[in-house]
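If you read the protein sequences in the order shown, they are chains A and B.
The numbering of the first sequence is our numbering, which starts it at 7 and goes up by one.
The numbering of the second sequence is our numbering, which starts it at 7 and goes up by one.
Protein chains: 2
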Amino acid sequence: MKKMQRQGCGCYRERHNRWIEPSILYLLYEKKKHGYELMTELPELGFIGKTVDPGAIYRMLRHLEQAGLVFSQWDTTGSGPARRVYTLSDLGRNHLYRWADALEKRRNSLDAFLAKLEAILQKKEDKP
Amino acid sequence: MKKMQRQGCGCYRERHNRWIEPSILYLLYEKKKHGYELMTELPELGFIGKTVDPGAIYRMLRHLEQAGLVFSQWDTTGSGPARRVYTLSDLGRNHLYRWADALEKRRNSLDAFLAKLEAILQKKEDKP
DNA sequence: GGTTATTATATGTCTAAAACATATATAAAT
DNA sequence: ATTTATATATGTTTTAGACATATAATAACC
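So, in structure tokens, the structure goes:
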């Protein structure tokens with residue numbers, strides 16, 4: 007087994023866990039879209055650092071379709087390469103509602119923890 | 007490559023990303039503790055579902071020590087098996103401060119996204 | 001006309017946090 | 001004696017996301 011190998015400084019990179027799935031479901035809730043379109047809109051949702059990985063998006067779309075949360079049709083009208091356009095299903099819509107619940111719980115626990123952290127940060131600033 | 011194999015219903019299990027590290031750092035900020043103690047206190051922090059995985063904790067403690075964020079001493083006083091007691095270092099304390107910043111950013115993006123989700127949930131409840 | 005850029009989809013491999021499982025030992029409780 | 005609680009540790013699997021690259025159609029450029 008290879009060694010874990012992290013920086014001695016304990017540096018870490020923040021990873022937003024499972025944000026692609028709910029983000030895509032949300033963007034498709036508004037209206038049907040193709041992968042590339044999602045790729046350009048995802049950063050505006052604020053969940054992201056710099057660039058979006060196309061691989062992650064197209065793979066997620068395939069998974070969502072397999073799970074029946076979205077369905078797709080090829081769109082060959084217009085210019086450029088063919089687009090696979092995804093539509094949110096009823097199942098997908100309900101899934102998004104459940105995601106909202108889950109994310110709210112996530113926020114609540116995050117809030118509780120941040121409150122504790124802020125309390126100790128306060129103490130830190132008291133001593134100059 | 008094995009198949010992804012997720013439930014057809016699109017079920018997912020919430021995973022709290024990178025919560026063990028800041029949680030342990032926070033608990034050690036209060037006072038030095040051994041692994042088993044952390045294991046019992048972690049659920050109270052709210053980040054958790056049901057049970058804590060001891061493996062994750064002990065491995066994280068080893069990593070934190072390698073990174074110089076904590077240091078440990080064996081405590082053989084008292085009854086029961088020997089305890090390895092961990093103390094937060096200055097580096098560890100600073101690391102916790104940086105974690106606080108990172109988690110605040112995480113909360114902000116989560117808040118922004120939840121605001122959008124709540125807006126569509128509102129619309130859903132409007133139609134009976 | 002030929003090269004480059006943009007639009008668009010797709011697959012392959014790697015990383016690492018967490019989940020799941022199990023091994024080991026001391027001592028107290030039944 | 002056997003079970004339970006305390007305590008630490010390692011082995012294996014899963015999986016979201018990161019990183020890299022392949023592909024093709026068409027538009028834009030010189």
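Quick reminder that beta carbons are idealized off the backbone N, C-alpha and C, glycines included.
Being a predicted model, the structure only gives us computed values, none of them experimental.
Residues near residue i by beta carbon distance below 7 Å, same chain, minus five either side
i, result
"Arg-90(A)", "His-40, Gly-41, Ser-78, Trp-80"
"Glu-27(A)", "Met-66"
"Ser-95(A)", "Gly-74, Leu-75, Val-76, Phe-77"
"Lys-38(A)", "Val-91, Tyr-92, Thr-93"
"Pro-60(A)", "Met-45"
Start and end residues, alpha helix (DSSP H) containing residue i
i, result
"Asp-96(B)", "96 to 132"
"Gly-86(A)", "Element bounds for Gly-86(A): n/a, residue is neither H nor E."
"Gly-52(B)", "Taken as a continuous stretch (DSSP letters only), Gly-52(B) belongs to no alpha helix (DSSP H), as it is neither H nor E."
"Ala-73(B)", "Where Ala-73(B) is concerned, there is no enclosing alpha helix (DSSP H), given that its DSSP letter is neither H nor E."
Expected contact under 8 Å - CB spacing of residue i and residue j to nearest Å
i, j, result
"Ala-118(B)", "Gly-98(A)", "Between Gly-98(A) and Ala-118(B) the Cβ distance is about 22 Å, and since that is not below 8 Å, they are no contact."
"Leu-70(B)", "Arg-113(A)", "Contact flag wrong, Cβ pair sits at about 26 Å."
"Leu-102(B)", "Tyr-35(B)", "6 Å"
"Leu-127(B)", "Ala-121(A)", "That pair is no contact at about 25 Å."
Close-in-space but distant-in-sequence residues of the same chain around residue i (CB under 6 Å, 5 per side omitted)
i, result
"Arg-12(B)", "With a pLDDT of 36 at Arg-12(B), under the threshold of 50, the modelled position of that residue is not reliable, and the figure given next carries that caveat. None."
"Ala-33(B)", "The sequence shown places Leu at residue 33(B), rather than the Ala named in the question. Excluding residues within five positions, the ones whose Cβ falls inside 6 Å are Leu-44, Glu-47."
"Thr-82(B)", "Ala-88"
"Leu-123(B)", "none"
First and last residue of the uninterrupted beta strand (DSSP E) at residue i
i, result
"Ser-78(B)", "76 to 81"
DSSP beta-bridge partners of residue i
i, result
"Tyr-92(B)", "Lys-39(B), Ser-78(B)"
Same chain only: Cβ atoms within 8 Å of residue i, ignoring 5 sequence neighbours per side
i, result
"Val-156(B)", "No statement about residue 156(B) is possible, as the shown extent of chain B runs from 7 to 134 and does not include it."
"Ile-63(A)", "Ile-26, Ile-30, Gly-41, Leu-44, Met-45, Leu-48"
"Glu-131(B)", "none"
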